[in-house]
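Scroll down for the structure; my scribbles are underneath it.
Numbering (our numbering), first residue to last: 175 to 801.
Below you can see the structure in the form of structure tokens.
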């Protein structure tokens, strides 16, 4: 547990109080009894008077204002003097005269006030320590979330403020999104050299909206802007505006912009702005009034009667479709910066950044990793290299090799590696299923080439067939879609041809869902059917996004029947294509299955070489990106 001086002080307060009273009780009264106020025996007052009359009293010392006396008594029989304590009556004025007449030495000792002093100090210090400790506890609990001291601070902004943002991220640390970097560098230039823009009459955008899928680097860009600009930086999440109390969100927006105006020029970064910027009036009953109040206040602060010169707002979201249109207009978020998944060159730059602190083997090429990872975001690439480093450490190697890179790619895409299956009927059936996918994909010209076929389970899949997609394939032809449908049907076709219709398994469930979805999109969205070049589906929208409660059909029941028939026809066409290939190549399929069961993994190049011995393998054009 981390040591804290506050915690130590808190625990020491009650110990000090207890210790003080113990010390007072043990030593305080001892001081009052110091001196000669001690006696061996006690004596009654009557016997004392008898001894006075007998002349046996030699001296009397009075204590406690005359209430107690210590007398010295001489004993002639034993020739010694004894000290005795006598309790004197309150009203005995004649006693003093009687003692003086008897020539007895008389001495009076005043009362010592040590006990009073200690009592006063003890009675004072305890409530002082108690009040101080309670005050300390109250202050500490007030600073905690939900403490009593926060009762009046709900309307205060929870934005993290840094006068000079120390994010540790600069533009050099951001790679793969050069277009977005270029646009955001203008913001930094305006903050540092505003005269370059004002000289030609240009106005910097008031707001920049970063849009893109998760993991593409939106928050990283905001950190880089803060690190480069060197101006006050406010950062807050969209969900932190809204609380359980009405009006808190709007109050926090006002407080945030008030602080920003006091520190202008400055930057405000709002992460996940879709939490507060959703469309107003969406859904049943008009939506969330509290959230709409917060959005209204945000709209007013960004572009209202009061100016906010010098305040630049940067927001990030991966759901731009749900944002309110008033938030997106010029004057608020003037500019939208698309932060998309990186291309080949971008992935290479990102991998170089994340490989700075990784020890790679000499044979590992960043270029080859970038080619193997189309569609990966920046976060995926960082996770890929991290997984490879973990595997390297687990295998007690000194550097990351290609084997760890391949295993890391499989781990990120498909999941954790499972226990290999034992040689059984189930393993052979899975082998035919995966070889069916691979053989159909290899012999169809418009299908992506096979990268690897494996029987090692990963995630929920008992076996996997990997295909290498074409680099940056923006448009997809009808032939390519049909080839993908046939390739997905290859597993079911191999099961039917080898084991019969009664032995087909549930392993093709995911393939059939994929086939159905592709075929339906071909019919209803892309116009690739006998229904003609028409789109029969719209984007619509969910209820909470402003869509209707009930989905309105955009076509008749007759057209719906024809759509279902076309979807079934496309799926069946792909099924027949796959089944025909498996029938014609049964010999090579059996050979590949035996090899796959033996090796458990077949590389794509080895797979194509074996197939080329039995059939002509079409040459597939793959885009090789040029730097």
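Heads up, the beta-carbon is just placed ideally off N, CA and C, and yes, glycines get one too.
Here residue 670 has 678, 753 as same chain residues with Cβ atoms under 7 angstroms from its own Cβ, once five neighbours each way along the sequence are excluded.
Looking only at 475, 395, 472, 535, the smallest Cα-Cα distance to residue 571 is reached by 535. Rounded to whole angstroms, residue 237 and residue 245 show a C-alpha spacing of 11 angstroms. For residue 788, no beta strand (DSSP E) run applies, since DSSP gives it neither H nor E.
Here residue 279 carries a strand assignment [DSSP, helix/strand/coil]. Residue 217 sits in a strand when the DSSP states are folded into three classes. Unbroken alpha helix (DSSP H) stretches of 4 residues or longer found wholly inside the region 450-514: 463-476, 499-502, given in chain order.
For residue 409, the enclosing beta strand (DSSP E) stretches over residues 407-411.
For residue 738, the uninterrupted alpha helix (DSSP H) segment begins and ends at 731-758. In terms of Cβ geometry, residue 540 and residue 526 form a close pair [threshold 8 angstroms]. Judged by their CB atoms, residue 386 and residue 492 are nearer to each other than the 8 angstroms cut-off. Taking C-beta separations shorter than 6 angstroms and ignoring five residues to either side along the sequence, the partners of residue 653 in its chain run 620, following chain order. In the DSSP assignment, residue 235 falls outside any alpha helix (DSSP H) and lies within the beta strand (DSSP E) extending over 231-237.
Look at the region 633-684 and you find these whole runs of alpha helix (DSSP H), each 4 residues long or longer: 652-673.
As the crow flies, the alpha-carbon of residue 235 is around 16 angstroms from that of residue 268. Annotated as proximal: residue 451 and residue 501, with beta-carbon spacing under 8 angstroms. In the three-state reduction of the DSSP assignment, residue 705 falls in the coil class, being assigned neither a helical nor a strand state.
Look at residue 257 here: in three-state DSSP terms it is strand.
Residue 618 and residue 494 have their C-alpha atoms some 39 angstroms from each other.
Under DSSP, residue 246 forms a beta bridge with 233, 257.
Where residue 777 is concerned, the enclosing beta strand (DSSP E) starts and stops at 775-777.
Excluding the 5 residues flanking it on each side, residue 356 has no same chain C-beta neighbour closer than 7 angstroms. For the options 663, 629, 697, 786, the alpha carbon positioned closest to that of residue 772 is the one of 629. Within its own chain, the residues whose Cβ lies closer than 7 angstroms to the Cβ of residue 777, once the five positions on either side in sequence are excluded, are 626, listed in chain order. Excluding five sequence positions before and after residue 782, the CB atoms of its chain that fall closer than 8 angstroms to its own CB belong to 616, 623, 624, 791, given in chain order. Relative to residue 530, the option among 574, 507, 547 whose CA is nearest is 574.
By alpha-carbon distance to residue 489, the top candidate from 770, 221, 698, 511 is 511.
For residue 350, the closest of 551, 485, 401 by C-alpha to C-alpha distance is 551. Of the other Cβ atoms in all chains shown, 16 or more fall within 10 Å of the Cβ of residue 639; this residue is therefore buried. Nearest to residue 275 by C-alpha distance, out of 305, 240, 227, is 227.
DSSP lists 640, 777 as the bridge partner or partners of residue 626.
Put simply, the region 694-709 touches the region 741-750. At least three CB pairs are less than 8 angstroms apart. Here the C-alpha atom of residue 557 lies approximately 46 angstroms from the C-alpha atom of residue 736.
Taking the CA atoms as reference points, residue 542 sits about 11 angstroms from residue 521. Our two residues, residue 474 and residue 696, have alpha carbons roughly 45 angstroms apart in a direct line.
Per the coordinates, the alpha-carbon of residue 690 lies some 57 angstroms from the alpha-carbon of residue 374.
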